[in-house]
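The block underneath contains the structure these notes are about, expressed in structure tokens.
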Amino acid sequence: MHQVLLAHEITQTYLTGTRVRFDGVELGPTNSFDFSFGTLSTLEFVHLFSVFDGSRVHGQAERRPGRDDAPPGMYFTVINAKVIQAGHKNRLAARQHVLAQTAHLYR
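Spelled out as structure tokens, the structure:
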């Protein structure tokens with residue numbers, strides 16, 4: 233299934249990891265994200281968290297349940313007015329029991 237998704241035209245056109253800024257830093261193919269379950273490349277990160285090309289991403293570790301009872305974990309807010317309706321953001325998370333307390337971006 234994963235290979236089929238990777239081969240899909242939308243993935244190859246819009247989820248390539250280009251023009252993606254993470255906390256103000258433009259990502260490139262040599263960047264990686266270190267999690268307790270392993271290290272993700274930029275491409276793996278954008279595929280896992282549905283970060284379309286040209287997006288801005290903000291990472292934030294939440295140590296307590298949120299006001300909406302969201303569990304603690306590492307949250308990624310994705311902003312892209314061309315793909316996500318203007319004024320809206322996608323917020324995705326990896327639960328804390330799966331991830332280390334923080335994710336580190338290595339340049």
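To convert a position in the sequence shown, counted from 1, into this note's numbering, add 232. Positions of the beta carbon are idealized from the N, C-alpha and C atoms, including for glycine.
Under DSSP, residue 311 forms a beta bridge with 288. When DSSP states are grouped into helix, strand and coil, residue 283 belongs to the coil group.
Residue 322 has 310 as its beta-bridge partners, per DSSP.
Nearest C-alpha to residue 321 among 303, 279 and 290: 290. Around the CB of residue 249, 16 or more other CB atoms lie within 10 Å, so the residue is classed as buried.
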